[in-house]
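Peer 1: Okay, handing you the structure first.
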Amino acid sequence: MWRSCHRLRDGGRRLLNRPAGGPSASKSPGPTIPSPARAYAPPTGETMKVFHLIFQGGFEINLDHRKLKTPQAKLFTVPSEALAIAVATEWDSQQDTIKYYTMHLTTLCNTSLDNPTQRNKDQLIRAAVKFLDTDTICYRVEEPETLVELQRNEWDPIIEWAEKRYGVEINSSTSIMGPSIPAKTREVLVSHLASYNTWALQGIEFVAAQLKSIVLTLGLIDLRLTVEQAVLLSRLEEEYQIQKWGNIEWAHDYELQELRARTAAGTLFIHLCSESSTVKHKLLKE
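Residue numbers (the numbering used here): 734 to 1019.
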């Protein structure tokens, strides 16, 4: 087996000890009780800009008393207090130059607010389920045997988990045409994703696009996988080739870290958009 005859490039890349279980999605993402305006409390000893979170049918974020706006000039308002604080923290991490390409939570919020592709909830669900047709972990190689075994050992347990969790059938294939996915499987996943609100669905599609897999994305949402595990599973063949032939110094590591960052941000976005609980007051400064 791969685990006995190969080792990934560092100890943090072992695909072991996957957590089980996870919360179910909530249909109502926003808080039910309006909260007063609060300012984000910086860690002791650090100098930060002042972020105000104001509840007015959603949480509005003011940066240095200026209202944040989307690219389409809409008021930047998010449905949960926790998401607002996460976005405020993301802005505070910027230094002299604002690097928008590193602000994945802000980008996801902008996409949800502006909806540039003008898609409704049903279209977002269909787009996410369509990843089944090209799901990374459903495409298998026929050789070399070590990679065949690696894919079987690492990907089969995730497929088996998904089949049991959702009561569906998910096939794998070595054909370039891909696996045959039963219509019933699509129907079940469509019904499951319908329990999420449109903000969370934007996040689900984003994560699936990073991992090239809706199955891995569902594993992340259900806490069956950690971000690191999901990313490595999505890059299994690439990691195999790197182990065999070596990596391009800095290039592969940068790509890996970027993928982890995008996947982590998208997963956090999904959970923060699916929860109605507010952040504990000890994290806030009145």
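For each residue, glycine too, the CB sits at the ideal point set by N, CA and C.
(1) Kindly indicate which three-state DSSP category Leu956 falls into: helix, strand or coil?
(2) When you compare only the Cα positions, how much space is there between Val820 and Arg885?
(3) Report the option in Tyr929, Ile914, His1004, Gln962 whose CA atom is closest to the CA atom of Phe864.
(4) For Lys945, collect the residues of the same chain with a Cβ closer than 8 angstroms to its Cβ; drop the 5 residues on either side in sequence, then sort them by chain order.
(5) Of the choices Asp825, Trp824, Ser906, Ala941, whose alpha-carbon is the least far from that of Tyr872?
(6) So Leu801 is in the beta strand (DSSP E); what residue range does that whole segment cover?
(7) Just mark Ser826 as buried or exposed, buried being the case when its beta carbon has 16 or more other beta carbons within 10 Å.
(8) Report buried or exposed for Gln943, applying the criterion of at least 16 other Cβ atoms within 10 angstroms of its Cβ.
(9) CB-CB under 8 angstroms to Ile891, same chain, minus the five flanking residues each way: which ones, in chain order?
(10) With DSSP collapsed to three states, give me the class of Ile891.
(11) Taking 8 angstroms as the limit between beta carbons, can you name the residues of its chain near Thr996, skipping five residues before and five after?
(12) Decide if the stretch 975-991 is in contact with the stretch 922-937; the criterion is three or more beta carbon pairs, one per stretch, under 8 angstroms apart.
(13) Where does the unbroken alpha helix (DSSP H) through Cys842 begin, and where does it stop?
(14) Using beta-carbon positions only, say whether Glu887 and Leu969 come within less than 8 angstroms of one another.
(15) Buried or exposed: which applies to Pro812, given that a residue is buried once 16 or more other Cβ atoms fall within 10 Å of its Cβ?
(16) Tell me, please, which residues DSSP counts as bridged to Ser906.
(17) Helix, strand or coil for Ser759 per DSSP?
(18) Buried or exposed for Thr918, going by 16 or more other Cβ atoms inside 10 Å?
(19) Compare the Cα-Cα distances from Ser908 to each of Leu796, Gly936, Glu876, Val923 and report the closest residue.
(20) Starting from Ala933, trace the alpha helix (DSSP H) in both directions and tell me its first and last residue.
(21) Could you give the first and the last residue of the continuous alpha helix (DSSP H) run that contains Phe1002?
(22) Would you check if the distance between the CB atom of Leu841 and the CB atom of Gly936 is smaller than 8 angstroms?
Peer 2: Inspection of the coordinates gives the following:
(1) Taking the first residue of the sequence shown as 1, we reach residue 956 at position 223. DSSP, reduced to helix, strand and coil, places Leu956 outside both helices and strands of the structure shown, so it counts as coil.
(2) Stepping through the sequence shown from its first residue, residue 820 is reached at position 87. Stepping through the sequence shown from its first residue, residue 885 is reached at position 152. Spanning the two alpha carbons is a distance of roughly 39 angstroms.
(3) The count along the sequence shown starts at 1 and reaches residue 864 at position 131. Per the Cα distances, Ile914.
(4) Within the sequence shown, the letter at position 212 stands for residue 945. Correct list, in chain order: Phe864, Thr867, Asp868, Thr869, Ser967.
(5) The sequence position of residue 872 within the sequence shown is 139, counting from 1. Among Asp825, Trp824, Ser906, Ala941, the Cα nearest to that of Tyr872 is on Ser906.
(6) In the sequence shown, counting from the first residue as 1, residue 801 sits at position 68. Unbroken run through Leu801: none, as it is neither H nor E.
(7) As a position in the sequence shown, residue 826 is number 93, starting the count at 1. Exposed, since its Cβ has fewer than 16 Cβ neighbours within 10 Å.
(8) Within the sequence shown, residue 943 is the residue found at index 210, counting from 1. The residue is buried, with at least 16 neighbouring Cβ atoms inside 10 Å.
(9) Counting from one through the sequence shown, the residue named residue 891 turns up at place 158. Closer than 8 angstroms at the Cβ level, and outside the excluded window around Ile891, lie Ile870, Val948, Leu949, Gly952, Arg957, Leu958, Leu966.
(10) By 1-based counting over the sequence shown, the position of residue 891 is 158. Ile891 falls in the helix class under three-state DSSP.
(11) Start at 1 with the first residue of the sequence shown, and residue 996 comes out as number 263. The beta carbon of Thr996 lies closer than 8 angstroms to those of Val940, Gln943, Leu944, Leu953, Val960, Ala963, Val964 in the same chain, with the five residues before and after it left out.
(12) Touching, no, given that fewer than three Cβ pairs across the two stretches are closer than 8 angstroms.
(13) Translated into positions along the sequence shown, residue 842 becomes position 109. From DSSP, the alpha helix (DSSP H) with Cys842 extends over 837-847.
(14) By one-based count along the sequence shown, residue 887 stands at place 154. By one-based count along the sequence shown, residue 969 stands at place 236. Yes, Cβ-Cβ distance for Glu887 and Leu969 is below 8 angstroms.
(15) Position 79 of the sequence shown, counted from the start, is the residue given in the question as residue 812. Counting Cβ neighbours within 10 Å, Pro812 comes out buried, since at least 16 surround it.
(16) Walking along the sequence shown from the start, residue 906 turns up at place 173. Answer is Tyr872.
(17) As a position in the sequence shown, residue 759 is number 26, starting the count at 1. Unreliable positioning characterises Ser759 in this predicted model, as indicated by a pLDDT of 37, which lies under 50. The coordinate reading is nonetheless provided below. When secondary structure is reduced to three states using DSSP, Ser759 falls in the coil class, being assigned neither helix nor strand.
(18) On the sequence shown, position 185 is the one that residue 918 refers to. Buried: at least 16 other Cβ atoms inside 10 Å.
(19) The sequence position of residue 908 within the sequence shown is 175, counting from 1. Ranking Leu796, Gly936, Glu876, Val923 by Cα distance to Ser908 puts Glu876 first.
(20) Here residue 933 is taken as the residue at index 200 of the sequence shown, counted from 1. According to the DSSP assignment, Ala933 belongs to the alpha helix (DSSP H) that extends over 931-944.
(21) Residue numbering aside, residue 1002 sits at position 269 when the sequence shown is read from its first letter. Taken as a continuous stretch (DSSP letters only), the alpha helix (DSSP H) holding Phe1002 covers 984-1006.
(22) One-based indexing of the sequence shown puts residue 841 at position 108. One-based indexing of the sequence shown puts residue 936 at position 203. Contact annotation: Leu841 and Gly936 have beta-carbon atoms nearer than 8 angstroms.
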